[in-house]
């Protein structure tokens, strides 16, 4: 087994860009990652591509060979789909492929084109990440599913809409200097509380936006990095994946996320780390409550203790363990199939010191990324570490 | 690196069963595979699931955790999509995961539900395996795409509709005793030639049917098989994957399939085998011409020589190297996301000696499976070998 390094990362602008095709977006991110890595396209041996709803949004399946062609590489390419964790599983398999010696250089990432659809069609498309038979036909949508989880959390552990508003405010603050983020706008707790209610207790500012964008990461073996004199200080030292019942109705409780716990447990064991070692975190905050569930599932807080973390300042940029310094899905945006790759890209930039928010974490050495599918019926966790 | 064994296989009936859901179909195949393997569900560490058009056919994405639940297993589950090669890539990653020691037991396969859709919707859904911008909007469908390939082949190398009719007749003959096959009906060359023309030179009997069905295979390490006294005589000794331009217009020529050549070259090298070692073959004959292209791409025939193979009797059940003893996609059926797994299942049965057509190949030890996506923009090849 070899170590796995991040040789380069690439992102497109996140936001509304309905005139751009998925292939166009992914090519931009992938070529940027290649340039950041300083490698030749001919060295890329495999491409792992995450995408969720391309069949609905672009009438395009079988995207992987298309994306390889767009990147100018003639190599095997495979699409991974795990709802909002599509790029997470694409990344995970890339890490395992390099680690096992099957390939020295794998490009992984993903893309989603969403804003070309009507709001109704986007909502319907996203709903395919839930259970069609037992949830969607009963009228549930994702805001209402996460609202059920928030209500269950409040009922069991306490917490308030104000607590969640602090999560939203923090992530908007973090996105301000991030050149790739969809939103560059400060919000206040009052604005979040006053925003239109979407599904009680979640208002409009508790939800991530609809986003077009792409992400790409070049993973290489230690040996390849050394042989090619690559500057690749960040390694992936741990990877884990967990699953759960797809439908909320089949779960014993809604205020915890066992898929995250399983993925984290595997990733920590893989890296030989535990939560206390972790300096900063990128989690899947598709809704504010999702960030709370994630930081508890990842072991940074006991169940019921995470909801006040942002309010207490523990997870802000100046806190002890900043969460979502990129702005998170909430403010950086959530191009579904790209998100898992963008978390690796942002964490790499943060640890390398070339992210606008790196100044808040100059001594950070261990980062964790957390990508979730649907209502956390699937989760993927990675541990990244930087040579200092 | 450990060796990888096929511990068990499972298939549903292939055919029209529009009243059954995808989850129902996959559960049947997976539970059959578990029973065939004689293992506990708790031992399954990962599930790799292939599906192509579930978002369109069932409004269901994020199927992998759903399928894990249906199989009664609480483990990471990932969906793979590579058009008609979806289960092929799911199988390939399962083989690599076991081989690298990441897991000892992985269940891989796939499912497709298609006949619940109208014919027009199926045609439109299948078309998402081609290039939306450069092919579909120009009016191409899959029968016409393969008709272009057949015309290019005839023009370059010769061959005739009669040659292709022999492929169809052979595969219908092979399906006759196969209990899982969609068609149990002999056809004659004359019937094939007289069938309604779909896209010249391909008639109705040159095309595979629309099929509902599922497949599952349990892969285990040599060590697990030995430690648990499993009867698992078939090993996967080689795996390869290749890609090509998605759109036909971007290829230099249409009468050859470089993705198959690349996948085969990798799989043979991996297994330490060459085409002369291979006793029987399951190839991706979505159309009769596709079988011809496949047996040439796999190295069994020089370009231009494969078209007469069925007519000459070389690839029939009594021939030197039978092709598609299962009946192939043509007569066994083609539930898109399940096909790559069903090829492994059928090859395993043929090599173990418990397939109705095993009697034709009592001494066979080396088999090859070939699963292709779209117009062979992707291809996956595996080499299977049996202890004798």
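Protein chains in written order, with full-length UniProt numbering: chain S, 1 to 388; chain Z, 1 to 388. Idealized CB from N, CA, C, for every residue including glycine.
ask   = Which word fits residue 297/S, buried or exposed, when buried means at least 16 other C-beta atoms lie within 10 angstroms of its C-beta?
value = The residue in question, residue 297/S, is buried, as its Cβ has 16 or more Cβ neighbours within 10 Å.
task = Would you verify that the beta carbon of residue 62/Z is, or is not, closer than 8 Å to some beta carbon of chain S?
result = Nearest CB-CB separation between residue 62/Z and chain S: below the 8 Å threshold.
Near-chain Z residues of the segment 69 to 95 of chain S - C-beta to any C-beta below 7 Å = Only those residues of the segment 69 to 95 of chain S whose C-beta falls short of 7 Å from the nearest C-beta of chain Z are listed: 69, 74, 75, 76, 77, 78, 79, 80, 81, 82, 83, 89 and 93.
task = Using the Cα positions of residue 115/Z and residue 4/S, report the straight-line distance between them to the nearest angstrom.
result = Cα to Cα, the separation comes out at about 44 Å.
Three-state secondary structure (DSSP) of residue 183/Z = Coil.
task = Taking residue 364/Z as the reference, give the member of 43/Z, 373/Z, 250/Z and 317/Z with the closest Cα.
result = Comparing Cα positions, the closest option is 317/Z.
Alpha carbon of residue 160/Z to alpha carbon of residue 315/Z, nearest angstrom = When rounded, the distance between both Cα atoms is 17 Å.
task = Using the Cα positions of residue 179/Z and residue 13/Z, report the straight-line distance between them to the nearest angstrom.
result = Whole-angstrom Cα-Cα distance: 8 Å.
message = I'd like the list of long-range same chain contacts for residue 74/S, defined as Cβ closer than 6 Å, with 5 residues on each side in sequence excluded.
response = Taken in chain order, the list of residues that qualify is empty.
query = Could you give the distance in angstroms between the alpha-carbon of residue 129/Z and the alpha-carbon of residue 358/S?
reply = Straight-line Cα distance between these residues: approximately 42 Å.
message = Here's the rule: buried if 16 or more other CB atoms are within 10 angstroms of the residue's CB, otherwise exposed. What is residue 346/Z?
response = Around the C-beta of residue 346/Z, 16 or more other C-beta atoms lie within 10 Å, and the residue is accordingly described as buried.
query = Is the beta carbon of residue 260/S less than 8 Å from the beta carbon of residue 207/S?
reply = In this structure, residue 207/S does not lie closer than 8 Å to residue 260/S by Cβ.
key: Rounded C-alpha distance that separates residue 86/S from residue 285/Z   = Their Cα atoms are separated by approximately 30 Å.
ask   = So what does DSSP say about residue 212/Z, is it helix, strand or coil?
value = In this structure, residue 212/Z counts as strand in the three-state DSSP scheme.
inquiry  = Cβ closer than 8 Å: which chain Z residues qualify as neighbours of residue 339/S?
reply    = Chain Z residues near residue 339/S: none, gap ~14 Å exceeds 8 Å.
ask   = How long is the line joining the alpha carbons of residue 417/Z and residue 344/Z, rounded to whole angstroms?
value = With chain Z represented from 1 up to 388, any question about residue 417/Z goes unanswered, as that position is not in the structure.
inquiry  = If I measure Cβ to Cβ from residue 165/Z and keep anything under 6 Å in the same chain, skipping five residues before and after, which residues do I get?
reply    = Result list for residue 165/Z: 189, 192 and 193, in chain order.
request  = For residue 245/S, decide whether its Cβ has a neighbour in chain Z, counting only Cβ atoms nearer than 8 Å.
outcome  = Under the Cβ distance rule, residue 245/S counts among the residues neighbouring chain Z, one pair being separated by less than 8 Å.
query = Do you know offhand how far residue 280/Z's Cα is from residue 226/S's?
reply = The straight-line gap from Cα to Cα measures roughly 44 Å.
Option in 221/S, 323/S, 95/S and 182/S with minimal Cα separation from residue 341/S = With distances taken between Cα atoms, residue 341/S lies closest to 95/S.
inquiry  = Let me check understanding here. Comparing Cα to Cα, which of 289/Z, 200/Z and 140/Z lies closest to residue 328/Z?
reply    = Measuring from the Cα of residue 328/Z, the nearest candidate turns out to be 289/Z.
ask   = What is the residue span of the alpha helix (DSSP H) that residue 188/S lies within?
value = That residue, residue 188/S, is in no alpha helix (DSSP H); it is neither H nor E in DSSP.
task = Provide the residue(s) that pair with residue 241/Z in DSSP beta bridges, ordered along the chain.
result = BP columns for residue 241/Z point to 380/Z.
ask   = Looking only at its own chain, which residues have a Cβ that is under 7 Å from the Cβ of residue 244/S, when we skip the five neighbours before and after it?
value = 251, 258, 259, 376 and 377.
inquiry  = Going by C-alpha to C-alpha distance, which of 67/S, 200/S and 183/S sits closest to residue 147/S?
reply    = When only C-alpha atoms are compared, the closest one is 200/S.
ask   = Does DSSP classify residue 171/S as helix, strand or coil?
value = In the structure shown, residue 171/S sits in a helix (DSSP, three-state: H, G or I).
Local Cβ density within 10 Å of residue 272/S, reported as buried at 16 or more and exposed below that = It is exposed - the Cβ of residue 272/S has fewer than 16 other Cβ atoms within 10 Å.
request  = Examine the Cβ distances between the segment 297 to 307 of chain Z and the segment 60 to 80 of chain Z and report whether three or more of them are shorter than 8 Å.
outcome  = Contact fails: fewer than three Cβ-Cβ distances are below 8 Å.
inquiry  = I need the straight-line Cα distance from residue 371/S to residue 216/S, nearest angstrom please.
reply    = Approximately 15 Å, taken between the alpha carbons.
request  = Could you tell me the distance, in whole angstroms, from the CA atom of residue 126/Z to the CA atom of residue 386/S?
outcome  = About 45 Å.
message = Helix, strand or coil, according to DSSP, for residue 73/S in the structure here?
response = For residue 73/S, the three-state secondary structure derived from DSSP is coil.
task = Would you mind telling me which residues of chain S sit closer than 7 Å to residue 241/Z, beta carbon to beta carbon, in chain order?
result = Chain S residues near residue 241/Z: 76.
key: Opening and closing residue of the alpha helix (DSSP H) in which residue 339/Z lies   = It spans 339 to 352 - the alpha helix (DSSP H) in which residue 339/Z sits, taken as one unbroken run.
message = At the level of alpha carbons, what is the spacing between residue 339/Z and residue 140/Z?
response = Those two C-alpha atoms are separated by around 23 Å.
request  = Mark residue 149/Z as exposed unless 16 or more other C-beta atoms lie within 10 angstroms of its C-beta, in which case mark it buried.
outcome  = Buried, by the Cβ-count rule.
First and last residue of the uninterrupted alpha helix (DSSP H) at residue 297/Z = Residue 297/Z -> alpha helix (DSSP H) spans 288 to 297.
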